[in-house]
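These notes concern the structure reproduced below.
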Amino acid sequence: MAKASNRIDGLRLRHLRVLELIDEHRSLRAVGQVLNRTQPAVSQMVKDLEYAFGVELVARSVRGVGLTPAGHVALERARSGLSSLDQLAAELKISPSPILRIGTNPALIFNLLPATLRILDAGNNAVRYRVSAGVVGDILRELWDGRIDCYVGRIDWNHIPKTVMPSLRHDPLTHTDLVLACSKNHPLAGRSDIDIAELADWPWLLPPAESNNRIALETELRNHGVILPQPMLELNAGPGSLLTLTHEMQVLTLTPRFMLESRLAVGEVVALNIPGFALPEIQVGFVTLAEYETMASVRNFRQALRQAAEALTGEYGRPCEPANRDPF
Numbered sequence: 053m054a055k056a057s058n059r060i061d062g063l064r065l066r067h068l069r070v071l072e073l074i075d076e077h078r079s080l081r082a083v084g085q086v087l088n089r090t091q092p093a094v095s096q097m098v099k100d101l102e103y104a105f106g107v108e109l110v111a112r113s114v115r116g117v118g119l120t121p122a123g124h125v126a127l128e129r130a131r132s133g134l135s136s137l138d139q140l141a142a143e144l145k146i147s148p149s150p151i152l153r154i155g156t157n158p159a160l161i162f163n164l165l166p167a168t169l170r171i172l173d174a175g176n177n178a179v180r181y182r183v184s185a186g187v188v189g190d191i192l193r194e195l196w197d198g199r200i201d202c203y204v205g206r207i208d209w210n211h212i213p214k215t216v217m218p219s220l221r222h223d224p225l226t227h228t229d230l231v232l233a234c235s236k237n238h239p240l241a242g243r244s245d246i247d248i249a250e251l252a253d254w255p256w257l258l259p260p261a262e263s264n265n266r267i268a269l270e271t272e273l274r275n276h277g278v279i280l281p282q283p284m285l286e287l288n289a290g291p292g293s294l295l296t297l298t299h300e301m302q303v304l305t306l307t308p309r310f311m312l313e314s315r316l317a318v319g320e321v322v323a324l325n326i327p328g329f330a331l332p333e334i335q336v337g338f339v340t341l342a343e344y345e346t347m348a349s350v351r352n353f354r355q356a357l358r359q360a361a362e363a364l365t366g367e368y369g370r371p372c373e374p375a376n377r378d379p380f
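If you're matching positions, the sequence shown starts at 53 in this note's numbering and goes up one per residue.
Below, the structure is given as structure tokens:
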């Protein structure tokens with residue numbers, strides 16, 4: 053182990069840049085021009101990398117050069133490190149205060165995230181926070197590319213590359229139901245005898261077809277022999293916009309149950325009671341890269357998330373039961 057460590061200690065930052073440039077330019081000569089190095093010097097840097105890691109990272113052919121499968125894995129990990137260094141350099145130019153870059157889903161901005169920041173007393177501590185909200189897959193790619201430090205939200209493990217999983221650290225936090233909802237003035241509101249087939253007779257307001265929630269809805273309806281009609285309105289926006297429109301229109305929609313308790317919806321948008329119809333729970337978790345989990349700002353944010361998740365209550369004050377916290 054010490055021998056391998058000594059080999060790696062001999063590497064410099066530009067060695068990792070070489071992998072990125074080879075993947076982009078497919079030519080050692082072009083890489084040399086970018087780095088202001090001769091082609092033999094670039095070749096030696098590749099040899100240094102392969103010697104340090106003990107595996108072939110670059111494949112040569114008559115068409116040029118490219119990364120081997122191991123080279124692609126190395127590049128994925130190197131990118132997060134390079135991005136972290138770029139972020140550190142930018143932070144130090146602006147302020148010595150650290151910035152924690154958080155990725156999340158728009159729905160969590162209404163409850164879990166503000167509760168966490170209150171626990172951290174975000175306005176009075178030395179850490180600053182930068183939050184990016186978006187689609188799960190896009191935000192997770194930002195994590196393993198090193199553009200954010202951690203992610204909190206829904207996680208679809210089926211869409212995470214197997215090569216990335218060993219580098220992730222995960223804490224399950226809590227869960228919430230995914231429910232169908234409508235305005236309190238909708239004809240279906242308050243009924244307890246709704247037949248699933250009736251759902252196809254009403255106009256719908258839904259997120260885009262590729263969203264996890266939309267896919268879950270269409271799957272459950274098909275399981276009951278019902279085909280979802282084309283939505284009257286497809287909304288590529290956060291759940292706050294969706295609930296506002298649902299309140300104002302005679303439409304059906306779907307939302308995490310906790311959103312019905314937000315100030316936007318409370319008492320105005322209600323869950324439908326449909327016997328025999330059940331959508332999957334939404335599991336909410338915290339994820340970071342292994343190399344980030346020792347950062348003080350990440351550790352503190354992680355702990356505050358746990359406290360906030362425990363304090364969240366479900367409908368009618370029932371506690372949301374946190375899932376097993378053991379990281380995988």
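Every residue gets a Cβ at the ideal spot worked out from N, C-alpha and C, and that includes glycine.
Got a sec? Which residues, its chain only, sit under 7 Å from residue i by beta carbon, not counting five neighbours each side?
i    : result
A295 : Here the sequence assigns Leu to residue 295, which means Ala is not the residue at that position. Excluding sequence neighbours, L295 sits near T307, M311, L316, A317, V321.
G189 : H211
Does the beta-carbon of residue i have 16 or more other beta-carbons within 10 angstroms, so that it is buried, or is it exposed?
i    : result
I267 : exposed
Y203 : buried
I279 : exposed
Y103 : exposed
V114 : exposed
T228 : buried
T168 : buried
G242 : exposed
S235 : buried
R170 : exposed
W209 : exposed
H238 : buried
N163 : buried
N265 : buried
M97  : buried
V362 : Here residue 362 turns out to be Glu, not Val, going by the sequence shown. Label assigned to E362: exposed.
DSSP state of residue i, grouped into three classes?
i    : result
L101 : helix
D223 : strand
K55  : Low per-residue confidence applies at K55: pLDDT is 47, beneath 50, and the placement is therefore not dependable, though the value from the model is reported in the following sentence. Helix.
R78  : coil
A241 : coil
T168 : helix
M347 : coil
R129 : helix
When DSSP builds the beta bridges, which residues end up paired with residue i?
i    : result
R390 : Any property of residue 390 remains undetermined from this structure, which presents the chain solely from 53 to 380.
R112 : V117
A361 : Note: A361 sits in no beta bridge, so no partner.
S235 : V321
Y203 : G155, V339
R228 : First, the residue type needs correcting, since residue 228 is Thr and not Arg in the sequence shown. For T228, which the question treats as bridged, DSSP gives the partners I334.
A185 : T156
Following a CB-centred definition, is residue i positioned closer than 7 Å to any heavy atom of the ligand MN?
i    : result
V110 : Although the ligand MN was asked about, the structure shown includes no ligands whatsoever.
Between residue i and the rest of its own chain, which residues show a CB-CB distance below 8 Å, the 5 nearest in sequence each way excluded?
i    : result
L127 : L71, E72, D75, L119
E333 : H227, T228, D229, L230
H77  : V83, V86
I'd like to know whether the C-beta of residue i is nearer than 8 Å to at least one C-beta of chain C.
i   : result
V86 : The structure shown contains no chain C; it is built from a single protein chain.
Closer than 6 Å by C-beta to residue i: which residues in its own chain qualify, once you throw out the five before and the five after it? Chain order, please.
i    : result
E272 : L331
A252 : V278, P281
S314 : F162
Inset, instruction - Taking only runs that begin and end inside the stretch 256-341, name each unbroken alpha helix (DSSP H) of 4 or more residues, in chain order. - result: Here the runs fully enclosed are 264-275, 291-300.
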